[in-house]
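**Q**
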Amino acid sequence: MLQNAGYGKMKKAQLKIQQMAFMLIVVTLFFVLVMMFVLVVKFSGLKNTAMGLEEKNAMLLVSKIANSPEFSCGESFGRNKINCVDWDKLMVLKESIGKYEEFWGVSNIEIKKIYPTENSEIICDKYNYPECGITRIMPKDVQGFDVSNFVTLCRKTMSSDGFYDKCEVARIMASYGGEK
Amino acid sequence: MKKKTTNKSGQEEMIGFAVIVIIVAVLILIFIRFSMNSDGKEPVESYEVESFINSLLQYTSDCEDYFSRLSVQQLIIRCYNKDKCTDGKDACRVLEKNIQGIISESWKTGEGNLIKGYSLNITSDETEIFSLKKGNFTNNYKSSLQSLGRDGLKVIFTSYY
């Protein structure tokens, strides 16, 4: 009888140990799952931050190019304008781009007129300017990725009353990558 | 005596269960907080919209003003004052035509385009001067506000993608 009671107690103790072991495994699994969730969320945040930084750098680069003395309007079209590109200056720069090839650290810079749309698909050269829309600073086809931003494209133009400032909406694109 | 021991064991188990429930609740709260943070707006992405408003305001319109032509920014002020261009055109009509043309070429919407819609509002304090809306207004958007520094004039542009 006493032996039976001892056996019963031992079995109960074993059951308790099993219960505890099971509980420990469940709790550990639960914490591992929670940790995994937290890590996934944290890493997705890091990815977003990295993408944000990349985009900010791209924006800084195109803005830096648009506002550099070689491109910017300065005070030629009234008071200082932000992200304003002097188209007349650009055409002169295009002719002597050899000296600036490595200067901006990009493979190509292109400025495309968006509005008005007349002649917006014609590539500019000294013969058709300003009746054109695409100004390629470096005359080579590149593959890779590009970053772009809106700019104002200004030039001096003539009407029956004389010269006046004409500013249009354009996009500046900077390309990275090797030559095709 | 035996009943008392069984009761005590049951109480202990209940306390253990309650502790686990509390731990789970705290962890769920922490998880929700992390999730809410990752869904925040990305202000860096609005630079394109900011630059667009700048370009739009600097665009030279068809509205003549003696020996020059007015920029969209000057045209907004002229429209607000209900003035006309020197060639007799209505400033508000010229403004509408120019803004519509610029936006439709700059932000192409619809099938196969990343941009789903846009809206532009020009207001003076609480009064609306000009408004333009097109496409679907989704939960993903870039928005920018530019103050013209006169009569509380503001230009707000939002692009939905």
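Those sequence lines, one after another, are chains A and B. Letter by letter, the first sequence follows residues 1 to 180 of the numbering used here. Letter by letter, the second sequence follows residues 1001 to 1161 of the numbering used here. The beta-carbon is built from N, C-alpha and C at its ideal position, and this holds for glycine as well. Treat the numbers as computed from the prediction; the structure is a model and nothing was measured.
Which residues, in order along the stretch 113 to 145 of chain A, keep a beta-carbon less than 8 Å from a beta-carbon of chain B?
**A** Ile114, Tyr115, Pro116 and Thr117
**Q** So is Asn1054(B) buried or exposed if we call it buried at 16+ other beta carbons inside 10 Å?
**A** buried
**Q** Would you check if the distance between the CB atom of Ile134(A) and the CB atom of Ile65(A) is smaller than 9 Å?
**A** no
**Q** Less than 9 Å between CB atoms is the rule here; does Ile17(A) satisfy it with respect to chain B?
**A** no
**Q** Is Thr135(A) helix, strand or coil when you go by DSSP?
**A** In this structure, Thr135(A) counts as strand in the three-state DSSP scheme.
**Q** Starting from Arg183(A), follow the beta strand (DSSP E) in both directions and report where the run begins and ends.
**A** This structure gives no information on residue 183(A), because the portion of chain A shown stretches from 1 to 180.
**Q** Just reading off the alpha helix (DSSP H) that Val1072(B) is part of, what are its end residues?
**A** Judged by DSSP secondary structure, Val1072(B) falls within the alpha helix (DSSP H) whose first and last residues are Val1072 to Tyr1080.
**Q** Tell me, please, which residues DSSP counts as bridged to Leu1120(B).
**A** Leu1132(B) and Phe1157(B)
**Q** Between the Cα of Val62(A) and the Cα atoms of Leu24(A), Ile109(A), Pro116(A) and Pro139(A), which residue gives the shortest distance?
**A** Ile109(A)
**Q** Locate the beta strand (DSSP E) running through Leu1114(B), then write down its first and last residues.
**A** Counting along the chain, Leu1114(B) falls outside any beta strand (DSSP E), and DSSP gives it neither H nor E.
**Q** What is the C-beta distance between Ile97(A) and Leu153(A), in whole angstroms, given that I count them as a contact (C-beta under 8 Å)?
**A** About 18 Å separates the Cβ atoms of Ile97(A) and Leu153(A), ruling out a contact at the 8 Å cut-off.
**Q** With distances taken from CA atoms, which of Asp88(A), Met36(A), Glu70(A) and Leu39(A) is nearest Asn128(A)?
**A** Asp88(A)
**Q** Would you identify the three-state DSSP class for Ile111(A), choosing helix, strand or coil?
**A** Assignment of Ile111(A) by DSSP, reduced to helix, strand and coil, places it in the strand class.
**Q** Under 8 Å between beta-carbons, which chain A residues line up against Glu1096(B)? List them in chain order, please.
**A** The contacting residues do not exist; Glu1096(B) stays about 14 Å from chain A at best.
**Q** Buried or exposed, going by whether 16 or more other CB atoms sit within 10 Å of the CB of Ala1025(B)?
**A** Under the 10 Å beta carbon count, Ala1025(B) is surrounded by fewer than 16 other beta carbons and is classified as exposed.
**Q** Can you tell me whether DSSP reads Arg1093(B) as helix, strand or coil?
**A** It is helical.
**Q** For Ile1030(B), which option in Met23(A), Ile25(A), Leu39(A) and Thr28(A) has the closest C-alpha, if you only look at C-alpha atoms?
**A** Leu39(A)
**Q** Output, in sequence order along the chain, the residues in the stretch 33 to 44 of chain A whose CB is closer than 8 Å to any CB in chain B.
**A** Residues are counted here when their Cβ sits less than 8 Å from a Cβ of chain B; for the stretch 33 to 44 of chain A these are Val34, Phe37, Val38, Val41, Lys42 and Ser44, given in chain order.
**Q** My guess is that Cys1079(B) and Ile1129(B) are in contact by the Cβ rule of under 8 Å, so how many angstroms apart are they, rounded?
**A** 6 Å
**Q** Cβ of Ser1124(B) within 9 Å of Cβ of Gly1152(B)?
**A** yes
**Q** Is it buried or exposed, Asn1140(B), if we count other Cβ atoms within 10 angstroms and call 16 or more buried?
**A** exposed
**Q** Quick one: give me the first and last residue of the alpha helix (DSSP H) that Asp88(A) is part of.
**A** Trp87 to Glu95
**Q** Sorted by chain position, which residues of the same chain lie with C-beta nearer than 8 Å to Gly1040(B)'s C-beta, five sequence neighbours on each side aside?
**A** For Gly1040(B), the pLDDT reaches just 46, beneath the cut-off of 50, and the residue's location in the model is therefore unreliable, leaving the point undetermined.
**Q** Taking Lys168(A) as part of the beta strand (DSSP E), name the residues at either end of that continuous run.
**A** At residue 168(A) the sequence reads Glu, which differs from the Lys that was named. Residues Gly162 to Ser175.
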